[in-house]
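Novice: Take a look at the following structure, please.
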Amino acid sequence: MMPKGVEHKKYPNISELIRKKEEHRRFLASLSFEEKIEIVFKLKERRDFIKTGKVVKKV
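Reading the sequence shown from the start, the letters are residues 638 to 696 in the numbering used here.
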């Protein structure tokens with residue numbers, strides 16, 4: 638029961654968002670170690686691009 642004069646906040650339903658996040662976590666967990674390392678390198682390239690604005694060349 639809410640005190641008089643206090644409104645109850647309505648929050649958006651985030652159950653679909655949580656479901657998709659869990660699905661993505663399971664997908665990432667199913668990847669091999671090599672695939673996970675490849676993702677890390679791609680993220681590093683993105684970070685470097687964002688920091689410098691220049692395309693990072695693979696060596």
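Ideal Cβ placement from N, Cα and C applies to all residues, glycine included.
Less than 8 Å between the C-beta atoms of F686 and V692, yes or no?
Specialist: As a working note, residue 686 is residue 49 in the sequence shown. As a working note, residue 692 is residue 55 in the sequence shown. In this structure, V692 lies closer than 8 Å to F686 by Cβ.
Novice: Between E682 and T689, what straight-line distance do the alpha-carbon atoms span, to the nearest angstrom?
Specialist: Counting from one through the sequence shown, the residue named residue 682 turns up at place 45. Counting from one through the sequence shown, the residue named residue 689 turns up at place 52. Straight-line Cα distance between these residues: approximately 11 Å.
Novice: For K641, report the span of its alpha helix (DSSP H) as first-last.
Specialist: By one-based count along the sequence shown, residue 641 stands at place 4. It is not in any alpha helix (DSSP H) - K641 carries neither H nor E in the DSSP assignment.
Novice: Using DSSP with H/G/I as helix, E/B as strand and the rest coil, what is L668?
Specialist: Taking the sequence shown and counting its residues from 1, one reaches residue 668 at position 31. Reduced to three states, the DSSP call for L668 is coil.
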